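A short write-up of the structure that comes next.
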């Protein structure tokens, strides 16, 4: 009997398991005006362990080798922002942690940000903030493999925690795609706001997360 591919089994397991992929972003500002932007992208090791069991290979998973394979986050695109990139390989998850200190008072830095359109790098424009996020599903036809994968990832979320030092009062949050615009809810956590977006939205489209202030 032919063994099922490991990746296929992972997708099947995602149907019954929540939190298989997690993207968390935190944005704050220190006393000197430097914005601290932290992005953590992880996948649960439970998925890999269960998929490995179903595949029948009997071999231990080399998690370090997975860092050389495809990842939902292109860490190289953050090098122009002097980012510190670390791998996450703990008992529960595998992924990346990207940490940046961005000086928006520096004109060269702002020009670099406006030209790059790099995912998860905020653009401050008057009374609103734009956070572009490139499609995690790549260039595949959304009616085929991407649609199936997005369904399997339906329980995953992108979470943004943004300090009130960066935006004092949020009036509206909008998700903009090539197909249109959709409002998104947010939670006021006293000293910061929390925004949650289902992973399939990011997996199927390039989006602009637009945060409007009052």
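Numbering (our numbering), first residue to last: 13 to 226.
For glycine and all other residues, C-beta sits at the position ideal for the given N, C-alpha and C.
Please read all numbers here as calculations on a predicted model, not as lab measurements.
query                                                                                                                             : result
Top-ranked residue by Cα proximity to residue 34, from 214, 181, 219                                                              : 214
Opening and closing residue of the beta strand (DSSP E) in which residue 174 lies                                                 : 169-175
Distance between residue 142 and residue 136 (C-alpha atoms, nearest Å)                                                           : 7 Å
Range covered by the beta strand (DSSP E) that runs through residue 54                                                            : 47-56
N-terminal and C-terminal residue of the beta strand (DSSP E) that residue 130 is part of                                         : Residue 130 -> no beta strand (DSSP E), and no H or E assigned at all.
Straight-line Cα distance separating residue 127 from residue 40                                                                  : 22 Å
Assigned secondary structure, residue 214 (DSSP; H/G/I helix, E/B strand, else coil)                                              : helix
Residue interval of the beta strand (DSSP E) (run including residue 145)                                                          : 140-145
Residue range of the unbroken beta strand (DSSP E) whose run includes residue 101                                                 : 96-101
Residue 124, DSSP secondary structure in three states                                                                             : helix
Among 94, 138, 132, nearest to residue 145 - alpha-carbon criterion                                                               : 132
C-alpha distance - residue 101 paired with residue 53, whole-angstrom precision                                                   : 11 Å
Spatial neighbours of residue 206 in its chain, beta-carbon cut-off 6 Å, leaving aside the 5 residues before and after            : 173, 199
Neighbourhood of residue 95 by C-beta distance below 6 Å, restricted to the same chain and skipping five residues each side       : 110, 112
Whole-angstrom distance between residue 203 and residue 226, CA atom to CA atom                                                   : 16 Å
Rounded straight-line distance, which links the Cα of residue 103 to that of residue 221                                          : 32 Å
Option nearest residue 139 by Cα separation, candidates 119, 51, 182, 209                                                         : 182
Same chain only: Cβ atoms within 7 Å of residue 57, ignoring 5 sequence neighbours per side                                       : 104, 105, 106
Chain-order list of residues whose beta-carbon lies under 7 Å from that of residue 242 (same chain, five-residue window excluded) : The chain is shown from 13 up to 226; residue 242 falls before or after that span and cannot be answered.
Per-residue DSSP class, three states only, for residue 193                                                                        : strand
Among 134, 191, 216, 217, the one whose alpha carbon lies nearest that of residue 223                                             : 134
Host beta strand (DSSP E) of residue 233 (start-end)                                                                              : Residue 233 falls outside the range modelled here, since the chain spans only 13 to 226, and no answer is possible.
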